[in-house]
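Per UniProt numbering, residue 1 is the first one in the sequence shown, and the count goes up by one each step.
Think of the CB as a built atom: it goes at the ideal place given N, C-alpha and C, for glycine as much as any other residue.
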Amino acid sequence: SFCSVFTVLFIYFTCISTVQTTDCLHLREQCINAANGCESVWNVVEDACNISVLGNRCKAEDTVGCNRIIQVLADEYPEFKNCVCTTEDICSITTLLGKQCGNNKDNISTETKLQWGLSALSKQAYTTNRSCLDVNRECVEDEVCNKQLSLYLKVCLVNKKCNMEGCQEAIRFFYRNMPFEVAQMMIFCDCIQHDESCHRAKELLHGKPCAVTAVPPPSCLNVIHICEENEFCRKKYTTFQSKCWRHVTKKCYEDEACLETLIKGDMPCSANTDCKAAYISSWGTMLHTECTCQDLPPVEQPLCELFHHMLHSKSCFS
1 SFCSVFTVLF IYFTCISTVQ TTDCLHLREQ CINAANGCES VWNVVEDACN ISVLGNRCKA
61 EDTVGCNRII QVLADEYPEF KNCVCTTEDI CSITTLLGKQ CGNNKDNIST ETKLQWGLSA
121 LSKQAYTTNR SCLDVNRECV EDEVCNKQLS LYLKVCLVNK KCNMEGCQEA IRFFYRNMPF
181 EVAQMMIFCD CIQHDESCHR AKELLHGKPC AVTAVPPPSC LNVIHICEEN EFCRKKYTTF
241 QSKCWRHVTK KCYEDEACLE TLIKGDMPCS ANTDCKAAYI SSWGTMLHTE CTCQDLPPVE
301 QPLCELFHHM LHSKSCFS
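As structure tokens, then:
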């Protein structure tokens, strides 16, 4: 592989291979010369992301606006997806401008990948309906998995008062630093009703009670609103919606009046690999706090129950 420096959008794009470099540069030229509206979107990308000004390679003043227009570009002209997007998450200025903008914190590090390469657990194919007790035992018996599990439990299993934010950060680190197959195995494990040992193992793997239980439990409306006020959580929620509940985002986006008109039975969940990845990526955020719709005014009940269904329904992954 080699690196080449392009003008305008690709001026700071670190190339991965000759083929990808040529293709992306060629697509850019095609876009500028096409009479199909692509040039207009491209111009807005340059303007919103502030990338045609030398020295401003990673300094978009409005990163939210920048990311939104990158998403528009990729949605309207899918041929750009390999140049400007990652498949796991919403488009971002970092993925647009290449590796010189720094590392994405959600990506598993090379060192961790090498460690997992030595793990027998990482070579297991994911199968549904695994017992949480079995999965927990296999993780403890696996040197790489047990090392990460111990770090996470040190934060979340404390005798003194639970530090919810610290535990949520630990659970995020735990699940983002393992192969997708292993994360699926742990997050989608389950237990039969009266198997207490299994349920205890499930609580350990899923951050209960510290990462998810607030007293008193917040309403599901509050959970969504608090999440939307936090940039990191909002991105996770937006991705989760777009990957799992496309029907909702396509019809209503963030219009709560529109959302109130939807009924749970009319809300198919995609439940594909992208959806599962987005769901796993949202663990350790406010979105997984146990929430309730009790004691709310009747007018707020339908929307609250809709949010509860989206965040906690098992129908998506069963």
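| query | Straight-line CA distance for leucine 296 to valine 212? | reply | 21 Å
| said: Quick check on threonine 127: does DSSP put it in helix, strand or coil? | reply: Looking at threonine 127 - three-state DSSP - the assignment turns out to be coil, as it is neither helix nor strand.
| message | With H, G and I counted as helix, E and B as strand and the rest as coil, what does DSSP make of isoleucine 90? | response | In this predicted model, isoleucine 90 has a pLDDT of only 45, less than 50, meaning its place in the structure is not dependable; the value taken from the coordinates is given anyway. Looking at isoleucine 90 - three-state DSSP - the assignment turns out to be coil, as it is neither helix nor strand.
| query | So what does DSSP say about cysteine 85, is it helix, strand or coil? | reply | Since pLDDT at cysteine 85 reaches only 44, below the 50 mark, its modelled position is unreliable, and the value read off the structure follows with that caveat. Coil.
| request: Just the C-alpha distance for phenylalanine 317 and valine 72, rounded to the nearest angstrom, thanks. | output: 29 Å
| With which residues is threonine 292 paired in a DSSP beta bridge? | Ser219
| aspartate 195 - DSSP class collapsed to helix/strand/coil | coil
| Reference tryptophan 283, options Glu29, Leu27, Lys208, Asp195, closest by Cα | It is Lys208 whose Cα lies nearest to the Cα of tryptophan 283.
| said: Quick check on aspartate 274: does DSSP put it in helix, strand or coil? | reply: helix
| query | Ordered along the chain, which non-local residues of its own chain (more than five positions away) have a Cβ less than 7 Å from that of serine 270? | reply | Lys243, Cys244, Arg246
| Who are the near neighbours of alanine 183 in its chain, counting only those whose CB is closer than 6 Å to its CB and skipping five residues on each side? | Tyr175, Ile280.
| query | From proline 298 to histidine 308, what does the alpha carbon distance come to, in whole angstroms? | reply | 15 Å
| said: Taking the alpha carbon of glutamine 241 as the reference point, which residue from Lys113, Leu311, Asp190, Ala74 has its own alpha carbon closest? | reply: Leu311
| said: Suppose you measure from the CA of cysteine 145 to the CA of phenylalanine 180; what does that come to, to the nearest Å? | reply: 13 Å
| said: I need the straight-line Cα distance from asparagine 177 to methionine 267, nearest angstrom please. | reply: 32 Å
| task | Round the Cβ separation of methionine 286 and cysteine 220 to the nearest angstrom and send it over; I've been treating them as touching at under 8 Å. | result | Between the beta-carbon of methionine 286 and that of cysteine 220 there is about 11 Å, and that puts the pair past the 8 Å contact cut.
| Run through DSSP, which three-state label would aspartate 134 get? | helix
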